Ligand SMILES: NC(=O)c1ccc[n+]([C@@H]2O[C@H](COP(=O)([O-])OP(=O)(O)OC[C@H]3O[C@@H](n4cnc5c(N)ncnc54)[C@H](OP(=O)(O)O)[C@@H]3O)[C@@H](O)[C@H]2O)c1
């Protein structure tokens with residue numbers, strides 16, 4: 009099946025590369041900024057960059073909508089797709105029923121709707137082995153889910169069928185385990201930078217923390233640090249060091265309280 013990708017960000021870049029490498033023909037890549045689309049098509053066997061949402065002449069029948077969550081509705085409304093198309097978004101939180109409703113209300117030709125959600129963190133500039141990415145599929149019809157599972161299995165061995173409620177829960181857990189954790193790494197780097205110390209010194213600690221959490225039955229079983237030990241003098245000393253930084257103080261206190269509540273319960 010020929011594929012077009014709407015969006016030219018992190019997910020579009022990685023999906024484009026993975027689908028292309030798996031032998032799928034990518035017909036078009038859309039971006040409002042043609043240069044963003046060109047940055048993807050230059051690495052594809054045969055893909056055209058476009059800044060138009062009219063795909064009526066496209067040879068593609070599977071359209072991947074990989075735009076920011078807040079842009080999904082407005083882009084879906086403007087899309088013109090050929091007959092017998094499947095449109096799948098890649099969001100962890102946008103409901104499938106809402107995409108189906110938008111396509112029904114705003115389009116003359118019927119469009120099959122689905123979700124093609126990769127449970128992974130993607131950055132354009134960082135290469136990634138897509139085979140290690142869990143792929144979550146949802147579709148309004150079983151026949152469409154089967155097609156998407158087939159496509160998914162060409163880029164990823166294991167594909168999950170996940171409904172909208174389950175996907176939202178997975179996404180929420182992903183925000184805690186990935187996005188918040190990464191932000192904490194950024195804050196740690198800032199603390200070190202301000203004191204002329206290298207972030208690289210934390211690398212073994214960060215790797216050991218993640219490995220230990222994944223190996224243990226429950227991450228809480230391997231929690232360490234002053235909060236779980238109840239070392240109040242150390243906590244006070246840390247808060248004193250953060251005295252001038254209200255944001256970091258708030259985060260430190262919230263995390264400390266959360267750890268202590270968990271382990272006191
Ligand atoms: N990044 C991840 O780790 C990740 C993982 C799983 C799922 N997802 C989901 O995948 C989707 C894309 O995420 P991303 O990280 O690839 O985002 P991104 O890198 O920020 O790229 C967003 C894309 O959306 C386009 N866009 C934004 N507003 C638009 C509008 N009003 N009209 C048309 N296009 C618009 C941008 O267009 P321009 O090129 O024109 O600027 C850009 O190409 C989201 O639904 C996200 O939840 C992301």
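Residue numbers (my numbering): 9 to 273.
Where a beta carbon is used, it is the ideal one built from N, C-alpha and C, also for glycine.
No experiment lies behind these values; they were computed from the predicted model shown.
Host beta strand (DSSP E) of residue i (start-end)
i, result
"residue 220", "It is not in any beta strand (DSSP E) - residue 220 instead sits in the alpha helix (DSSP H) that spans 211 to 223."
"residue 232", "Note, residue 232: premise wrong, no beta strand (DSSP E); not H, not E."
"residue 143", "143 to 147"
"residue 167", "167 to 169"
"residue 12", "11 to 14"
Member of the options whose CA lies at the smallest distance from the CA of residue i
i, options, result
"residue 126", "85, 160, 230", "160"
"residue 11", "270, 49, 232", "49"
"residue 143", "106, 19, 270", "19"
"residue 60", "25, 156, 99, 88", "88"
"residue 166", "145, 172, 45, 149", "145"
"residue 38", "26, 28, 55, 51", "55"
"residue 51", "16, 83, 71, 67", "16"
"residue 119", "85, 102, 26, 74", "85"
"residue 81", "110, 93, 63", "110"
"residue 273", "171, 236, 246", "236"
"residue 68", "140, 269, 14", "14"
Residue range of the unbroken alpha helix (DSSP H) whose run includes residue i
i, result
"residue 71", "Run containing residue 71: none in the alpha helix (DSSP H); it sits in the beta strand (DSSP E), 70 to 73."
"residue 260", "254 to 272"
"residue 248", "240 to 249"
"residue 22", "18 to 29"
Those residues which DSSP pairs with residue i across a bridge
i, result
"residue 58", "38"
Whole alpha helix (DSSP H) elements within the region 75 to 136, 4-residue minimum: 80 to 86, 104 to 114
Touch test, the region 98 to 107 against the region 117 to 125, Cβ-Cβ under 8 angstroms, three pairs minimum: yes
Cβ contact (3+ pairs, closer than 8 angstroms) linking the region 20 to 35 and the region 130 to 144: yes
Ranges of the beta strand (DSSP E) found wholly within the region 161 to 204, counting only runs of at least 3: 167 to 169
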